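Let me begin by presenting the structure, written as structure tokens, before commenting on it.
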Amino acid sequence: MAARTPTTEAQDRKHPVDEKLPPLKMFTSGLQHVAAMYPGVVAPPMIVGPAVGLGARDTAFLVGASLFTAGIATLLQTLGFWRVGARLPFVNGVSFAGVTPMIAIGKDRGHDGVAVILGAIIVAGVLGFVLTPYFSGLVRFFPPVVTGTVITLIGVSLLPVAFTWSQGGNPGAGDYGAMKNIGMAAVTLVIVLILRRLLRGFLQQIAILLGLVAGTVIAVPLDMANLEGVTGAGLVGFPAPFHFGVPQFEIAAIVSMCVVMVVCMTESTADMLALGRIVGRPADERTIEGGLRADTLGSAVSPLFNGFMCSAFAQNIGLVAMTKVRSRFVVATGGGILLLLGLCPVAASVIALVPLPVLGGAGIVLFGSVAASGIQTLATAALEKGENALIVAVALGIGLIPIAAPEFYHAFPKSLLVVLDSGISTGCVVAILLNLAFNHLGGKGRSPQDQAVREGGIPAPSTAH
0 MAARTPTTEA QDRKHPVDEK LPPLKMFTSG LQHVAAMYPG VVAPPMIVGP
50 AVGLGARDTA FLVGASLFTA GIATLLQTLG FWRVGARLPF VNGVSFAGVT
100 PMIAIGKDRG HDGVAVILGA IIVAGVLGFV LTPYFSGLVR FFPPVVTGTV
150 ITLIGVSLLP VAFTWSQGGN PGAGDYGAMK NIGMAAVTLV IVLILRRLLR
200 GFLQQIAILL GLVAGTVIAV PLDMANLEGV TGAGLVGFPA PFHFGVPQFE
250 IAAIVSMCVV MVVCMTESTA DMLALGRIVG RPADERTIEG GLRADTLGSA
300 VSPLFNGFMC SAFAQNIGLV AMTKVRSRFV VATGGGILLL LGLCPVAASV
350 IALVPLPVLG GAGIVLFGSV AASGIQTLAT AALEKGENAL IVAVALGIGL
400 IPIAAPEFYH AFPKSLLVVL DSGISTGCVV AILLNLAFNH LGGKGRSPQD
450 QAVREGGIPA PSTAH
């Protein structure tokens, strides 16, 4: 037998993204991803359901359908088939970007309103799937000066969500912002930090999950955990196709959801670039194309099971960055758990036991980790060269408008608010346009090395012979 060389041994070693962990680690790490994303998955249907005139039972049905379809979309992303899926530890679920348009489409129309929403999402998903190869070609316009800005915006944009959870989650509630809510969030945050400092190995990696469990245990005797949802939930429940009737297709609704799809594709592209850097497998054009295909296909299939548009969940990128668990099979396990939660209402309600203030305390760590990853990326962006610092300054400033001044765009047409109310989308567009203006247009005669430095990239070594 031929002797094994260091080169062949290195080739045999799998990239951490493709590693399969022991079953227990796989399950607990996957469950941690589910716990991190759960509020984001269930919030849109809980908001849209009552707004379009659905009762409690139908709204609960929407929640189960959203969990089920998030599982499908996550499996498409992580495992994939053919040219579908980024094959990264990438979590997909219901997009918040569609909440406002969906309410506008289906307001007070009950089942008919939901049928129109689902029909529009099917068309938007199919159209997005067709356009994916062209959209993914834009990846060359996402150098570190752009991706670092967008990643930072993702983390900063998510932090207000954690702060809202920490105060109780519902601004209209009587105890919103009460000391007990903020105190519980603070206790959870401290627990997570202590666990990260004292634990080692795998236990350190699941510190977020352990912190959520500890926070929930503390919250139960304080009457901050809702146990009624567990006792009243059924054991089995399948999101039967076309529960709200056959999807209906209205032009205005379709146009609105197509705009949302473009927003989701833009955010997913930025998220994939961020995640690729974090896991050490940079997302190239083919990876982004596969990831966007999974996004759009998941969105097109989701309405068949009464689910909404699917997109990337940036909060889980923070979890990957913090735990250093890069296996896509861990997230695929989380996708399987989501499927089971969608099929088993009582199991879903157990996850829902975690009080929002507890999630808020953990969310500060998660979302802050995303922003920190963006800052790390900006550190490689050669901000001292050209106008890169100006690009970052303006893009961050405009991207922070919806956070710092939520009513800033109140006089603008509602059709534009889908994009403008997303600081991630506006910041991404501004960063791309400014990078084109300062680092691409009028760049004839500039050497490849100088061009790469100005864009904050590192020129690849020549492969010419």
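Its first residue numbered 0, the sequence shown is counted upward by one per residue in numbering that gives the first Met the number 0. Just so it is clear, CB atoms sit at the ideal spot from N, CA and C, and this is done for glycine as well. Only a predicted model underlies this, so the values are computations on that prediction, with no experimental measurement involved.
Would you kindly work out how many angstroms separate the C-alpha atoms of residue i and residue j, rounded to a whole number?
| i | j | result |
| --- | --- | --- |
| R327 | P44 | 27 Å |
| V33 | A331 | 11 Å |
| T322 | L365 | 10 Å |
| L303 | L117 | 8 Å |
| K384 | G426 | 21 Å |
| V98 | G105 | 11 Å |
| L416 | Y408 | 7 Å |
| A123 | L432 | 25 Å |
| L382 | T268 | 23 Å |
| V393 | P240 | 46 Å |
| I402 | D174 | 23 Å |
| A103 | V138 | 33 Å |
| R195 | A361 | 12 Å |
| G250 | L78 | The residue you asked about is not Gly; residue 250 is Ile in the sequence shown. Each residue's alpha carbon lies about 34 Å from the other. |
| Q31 | V428 | 32 Å |
| G396 | S424 | 13 Å |
| T286 | T131 | 11 Å |
| E284 | T68 | 26 Å |
| G112 | Q247 | 9 Å |
| I193 | V186 | 10 Å |
| P405 | V93 | 22 Å |
| M264 | L221 | 42 Å |
| S165 | W81 | 42 Å |
| T376 | I363 | 20 Å |
| S156 | S372 | 14 Å |
Tell me which residue opens and which closes the alpha helix (DSSP H) that residue i is part of.
| i | result |
| --- | --- |
| V391 | 387-398 |
| T131 | 109-135 |
| E383 | That residue, E383, is in no alpha helix (DSSP H); it is neither H nor E in DSSP. |
| C263 | 250-278 |
| S470 | What is shown of the chain runs 0 to 464, which leaves residue 470 out entirely. |
| F328 | 327-342 |
| V212 | 206-218 |
| D294 | 284-300 |
| S165 | 143-166 |
| G97 | No alpha helix (DSSP H) holds G97; DSSP gives it neither H nor E. |
| K179 | 178-197 |
| N169 | Taken as a continuous stretch (DSSP letters only), N169 belongs to no alpha helix (DSSP H), as it is neither H nor E. |
| G426 | 422-438 |
Within 10 angstroms of its Cβ, does residue i collect 16 or more other Cβ (buried), or is it exposed?
| i | result |
| --- | --- |
| E266 | buried |
| N169 | exposed |
| V245 | exposed |
| Y133 | exposed |
| A320 | buried |
| D17 | exposed |
| F89 | buried |
| V160 | buried |
| R280 | buried |
| G171 | exposed |
| L440 | exposed |
| A85 | buried |
| P238 | buried |
| V129 | exposed |
| R276 | buried |
Along the chain, where does the beta strand (DSSP E) containing residue i start, and where does it finish?
| i | result |
| --- | --- |
| G92 | 91-93 |
| V310 | Here residue 310 is Ser; the residue named in the question, Val, does not match the sequence. Run containing S310: 309-311, per the beta strand (DSSP E) assignment. |
Return the Cβ separation of residue i and residue j in integer angstroms, given the expectation that the two are a contact with Cβ distance under 8 Å.
| i | j | result |
| --- | --- | --- |
| L389 | F140 | Wrong, their Cβ atoms sit about 17 Å apart, outside the cutoff. |
| T163 | P354 | Contact doesn't hold; Cβ gap of about 13 Å is too wide. |
| F307 | I120 | 6 Å |
| L296 | A282 | Going by Cβ atoms, the distance from L296 to A282 rounds to 18 Å, so no, they are not a contact pair. |
| A299 | D270 | Not confirmed; about 20 Å, so no contact. |
Figure out for me which residue from the options has the closest Cα to the Cα of residue i.
| i | options | result |
| --- | --- | --- |
| L208 | K413, F26, L395 | F26 |
| H14 | I400, D420, V278 | V278 |
| G289 | T73, P22, A177, F95 | T73 |
| D420 | L432, V429, I400 | I400 |
| V391 | S255, V144, I287 | V144 |
| L521 | L318, N305, M260 | Shown here, the chain extends from 0 to 464; a query on residue 521 therefore has no answer. |
| I253 | S424, D222, P100, A42 | P100 |
| P49 | P88, H110, A69 | H110 |
| I190 | V62, M178, A206 | A206 |
| V219 | L152, K179, V369, A378 | K179 |
| K24 | G127, V324, F60 | V324 |
| A213 | A370, G70, L352 | L352 |
| Q203 | L318, A380, G333 | L318 |
| M223 | A404, M256, G396, A184 | A184 |
| F243 | G398, D57, P22, P21 | D57 |
| A370 | G54, L211, S135, L158 | L158 |
| A378 | T146, R108, V40 | T146 |
Determine, using beta carbons only, whether residue i comes closer than 8 Å to chain B.
| i | result |
| --- | --- |
| G317 | Although the question refers to chain B, the structure presented lacks it and comprises just one protein chain. |
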